[in-house]
Every structure is written in C-alpha cells, then in structure tokens.
Amino acid sequence: MYSYENYQKVKAEIEKRRLDAIASAEARSEMLRLESAQIKEIDEELSSTGLLIFKTACSGGDITPIKERNKSLNKQRVKIIKSLGYPEDYTEVKYHCKKCSDTGYIDGVKMCKCLKEELIKATIASSGIGDLISEQSFDNFDLSLYEEGTERDRMTANLARAKQYARDFSKKRSNLLFVGTTGTGKTHLSTAIAREVIHMGYDVLYDSIHNIVSDFEADKFKSGYGQLEQKSEKYLECDLLIIDDLGTEFSNQFTVSCIYNLLNTRQNHGKATIISTNLSPEELSAKYEGRIYSRLVGKDTTVLMFVGKDRRLYR
Numbered sequence: 150m151y152s153y154e155n156y157q158k159v160k161a162e163i164e165k166r167r168l169d170a171i172a173s174a175e176a177r178s179e180m181l182r183l184e185s186a187q188i189k190e191i192d193e194e195l196s197s198t199g200l201l202i203f204k205t206a207c208s209g210g211d212i213t214p215i216k217e218r219n220k221s222l223n224k225q226r227v228k229i230i231k232s233l234g235y236p237e238d239y240t241e242v243k244y245h246c247k248k249c250s251d252t253g254y255i256d257g258v259k260m261c262k263c264l265k266e267e268l269i270k271a272t273i274a275s276s277g278i279g280d281l282i283s284e285q286s287f288d289n290f291d292l293s294l295y296e297e298g299t300e301r302d303r304m305t306a307n308l309a310r311a312k313q314y315a316r317d318f319s320k321k322r323s324n325l326l327f328v329g330t331t332g333t334g335k336t337h338l339s340t341a342i343a344r345e346v347i348h349m350g351y352d353v354l355y356d357s358i359h360n361i362v363s364d365f366e367a368d369k370f371k372s373g374y375g376q377l378e379q380k381s382e383k384y385l386e387c388d389l390l391i392i393d394d395l396g397t398e399f400s401n402q403f404t405v406s407c408i409y410n411l412l413n414t415r416q417n418h419g420k421a422t423i424i425s426t427n428l429s430p431e432e433l434s435a436k437y438e439g440r441i442y443s444r445l446v447g448k449d450t451t452v453l454m455f456v457g458k459d460r461r462l463y464r
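Following this line, the structure appears as structure tokens:
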C-alpha cells in the first residue's frame with residue numbers, strides 16, 4: 150500500500166493544516182477580546198466551565214445548569230460579534246476539510262477522502278512518472294495510429310491486457326514484459342497502469358534501468374560518511390516497479406548480479422514488476438544469462454509485443 154514515507158509526510162501536512170486552522174481561530178478570538186471587554190469576560194467564564202463540569206459530574210452533581218449557562222453565554226457572544234460587524238462564525242475553526250476536521254480520519258477510523266487524495270498526489274510525485282501520469286491514460290491511447298489489420302489487432306489486445314492487469318492488481322500480482330521498438334506505446338501503457346494502480350492505493354515506482362542500477366551501485370560502494378539511507382531499498386519494497394529501457398545498461402558482473410537480485414527478490418516477495426525493452430526476444434536471450442532470462446519471461450510474466458511506427462513522430 151502507500152509507502153510509510155509518503156504517509157508520514159502527508160499526515161504531517163494535514164496535521165499542520167489542523168493546527169494552523171486552530172491557531173488562526175484563536176488569533177481571531179484574541180483580537181475580539183482586545184476589541185470587546187464583554188467578549189473577554191464571556192471567554193474567561195467559558196474557559197473555566199470545562200473543569201467545573203468535570204468536578205460536578207465526578208461529585209454526582211447536576212451539570213444541566215452549567216450547560217444552560219454556557220449555551221446562554223455563547224448566544225450572547227454571537228450577538229456581540231455580529232454587532233461588531235463580524236460574521237457569527239468569525240471565531241470558529243475553519244478546517245480545510247469539514248468531514249474530518251483535518252485529522253485525515255472520519256470518526257477516528259475511516260480514512261477521509263482528503264487524506265486519500267493527498268496520498269495519491271504524494272505517490273504520483275514520488276513515483277518518478279512526473280507529468281506523464283496526467284497526460285497518458287487508457288482513455289487516450291490512440292489505436293488509430295496503428296495500421297489496420299494485424300498491427301492494430303495486436304495493439305488492441307495489448308491495451309485490453311493492460312487494462313485487465315490494472316483492474317486485477319488487488320487480486321493478482323504478476324509481471325509484464327513490454328517488448329518493442331521506440332515509440333510504439335510501451336511507456337504510455339506503463340503509465341496508464343501506474344495511474345490506475347496508484348489510485349487503488351498502491352505504491353508505484355517508475356525508473357530507467359540505468360538509474361536503478363546506479364542507486365544499487367551507490368549503496369554498495371558508498372563510503373561511511375554522508376547519507377545512511379539505502380537509495381535502492383525502494384525498488385525492492387514498492388508494490389509495483391516499472392523498469393524502463395532494460396538492455397541499455399552497461400553490462401558487467403555487478404550489473405548482472407544487481408538485475409538478478411532485484412528480479413529474484415521481488416519475485417520471492419510477491420511484488421509485481423513491469424519491464425519495457427527495445428530489444429527483441431532474440432536479443433534479450435543473447436544478452437542475459439539463463440537465471441535472469443527465466444525471470445524475465447517466466448510463468449508469472451506475460452510478454453506483450455509492441456508493433457508499429459514511432460508514435461512520437463505523429464505528435
């Protein structure tokens with residue numbers, strides 16, 4: 150689900166909204182107390198009744214008169230506020246979200262829509278997809294750019310399979326391998342899937358194989374100084390990892406070990422992975438040793454072949 154880091158960040162931002170709203174309301178009240186001696190007197194009496202109600206209740210006394218007095222004081226307060234030219238709710242706390250009073254939860258249990266929306270925004274921001282997620286969706290995947298016949302039929306099938314993958318993500322975690330030349334729609338469908346999965350509440354990361362390997366390399370060879378946090382850990386833990394441009398990385402012993410460990414760890418932990426590559430199946434087989442290749446095209450992976458001309462030439 151949503152990453153711990155994003156949840157903590159968003160929860161802190163919402164809590165700040167709540168505290169700011171309370172502070173702002175108190176500042177307005179303080180201004181009125183300075184402007185009106187009557188308001189000051191009423192507020193002082195109201196602030197003392199909480200403890201009085203508690204003591205009376207504990208001693209078995211009747212708190213009804215105290216509540217009635219509070220009700221009368223509040224009515225007087227509203228009349229004075231209006232007489233000063235302010236709206237009657239002038240000193241009330243103006244929460245950003247009225248449903249949850251900027252707590253993020255309704256009745257302290259159910260996640261409020263405002264918290265979910267902010268978590269989605271934070272997940273999109275940290276996913277590495279950037280503006281693409283607002284530009285590329287299943288709805289604007291243009292099949293008319295592919296030639297009628299076999300080419301369009303294949304891409305229609307790819308689109309349907311991608312939609313199904315996103316739709317079933319909460320029930321089944323499998324892998325996709327997108328194979329095809331540049332500009333045939335691999336990134337568009339990857340982004341469309343990510344868009345849907347993020348809105349379902351899952352943590353998604355999108356990055357190139359080059360950047361992923363670089364982060365693993367930085368963790369392995371870093372000195373004992375500086376940043377202690379593992380830059381590569383996020384690739385192992387996210388619900389869906391989208392790896393772009395597999396095959397463009399520089400091949401050496403470390404790279405091979407890195408890719409194997411990444412794919413193997415995610416597979417063992419039941420994490421979903423989508424990989425896109427410009428290499429043909431034959432080139433993939435030649436480039437990657439058996440243990441990596443078997444994880445690229447294994448039983449948990451659906452291979453989708455992308456065809457057509459470079460779509461980017463039509464923009």
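Residue numbers for the sequence shown follow the numbering used here, so the first one is 150 and each next one is one higher.
Glycine included, C-beta positions come from ideal geometry on N, C-alpha and C.
The model shown is predicted, which means the values in this text are computed figures rather than measured ones.
- Pairing Leu325 with Val405 gives a Cβ-Cβ distance that is not under 9 Å.
- Residue state for Tyr254 is assigned as strand, using DSSP reduced to three classes.
- Taking the C-beta atoms as reference points, Thr340 is found nearer than 9 Å to Tyr355.
- Residue environment: Asp251 is assigned as buried (16 or more neighbouring CB atoms within 10 Å of its CB, all protein chains considered).
- Just measuring C-alpha positions, the residue of Ile188, Met150, Tyr244 sitting nearest Ala174 is Tyr244.
- The beta carbon of Cys263 lies closer than 6 Å to those of Cys246 in the same chain, with the five residues before and after it left out.
- Look at the beta carbons and you see the stretch 216-229 touching the stretch 191-199: at least three pairs across the two are nearer than 8 Å.
- In the DSSP assignment, the residues bridged to Val328 are Thr426, Met454.
- In this structure, Cys407 lies near Val362, with their beta-carbon atoms less than 9 Å apart.
- Cα atoms of Leu411 and Ile269: separation of roughly 25 Å, rounded to the nearest angstrom.
- With respect to the 9 Å criterion, Asp393 and Thr336 are classified as neighbours on the basis of their beta carbons.
- In this structure, the alpha-carbon of Val242 lies about 15 Å from that of Leu181.
- One alpha carbon belongs to Asp280, the other to Leu233, and they sit about 49 Å apart.
- By alpha-carbon distance to Asp288, the top candidate from Asn427, Val456, Tyr239, Ile342 is Ile342.
- In the structure shown, Ser400 adopts coil according to DSSP, grouped into three states.
- Counting along the chain, Asp394 sits inside the beta strand (DSSP E) bounded by residues 389-395.
- Contact check for Phe318 against Leu385 fails: the beta carbons are separated by 9 Å or more.
- Looking at the DSSP output, Ser357 bridges to Asp393.
- The three-state reading of DSSP puts Lys247 in coil, since its state is none of H, G, I, E or B.
- Scanning its chain for C-beta atoms nearer than 6 Å, with the 5 sequence neighbours on each side dropped, one finds around Leu395 the residues Ile358, Ile424, Thr426, in chain order.
- When C-alpha distances from Gln187 are compared across Ser152, Glu164, Val227, Asp211, the shortest belongs to Val227.
- A straight line joining the alpha-carbon of Ala161 with that of Ala311 spans about 35 Å.
- The criterion of a C-beta distance shorter than 9 Å is not satisfied by Ala206 and Ser323.
- Remark: C-beta atoms of Gly457 and Glu297 do not approach each other more closely than 9 Å.
- A distance below 8 Å between beta-carbons, with the five flanking residues on each side excluded, links Ser152 to the following residues of its chain, in chain order: Thr272, Ser275, Asp352, Lys383, Glu386, Cys387.
- In terms of Cβ geometry, Gly350 and Lys265 form a close pair [threshold 9 Å].
- Per DSSP, Gln285 is not a residue of any alpha helix (DSSP H), being assigned neither H nor E.
- By the 16-neighbour rule on beta-carbons within 10 angstroms, Gln402 is exposed.
- Pairing Ser293 with Ala176, the inter-Cα distance amounts to about 60 Å.
- As the crow flies, the alpha-carbon of Glu438 is around 34 Å from that of Phe290.
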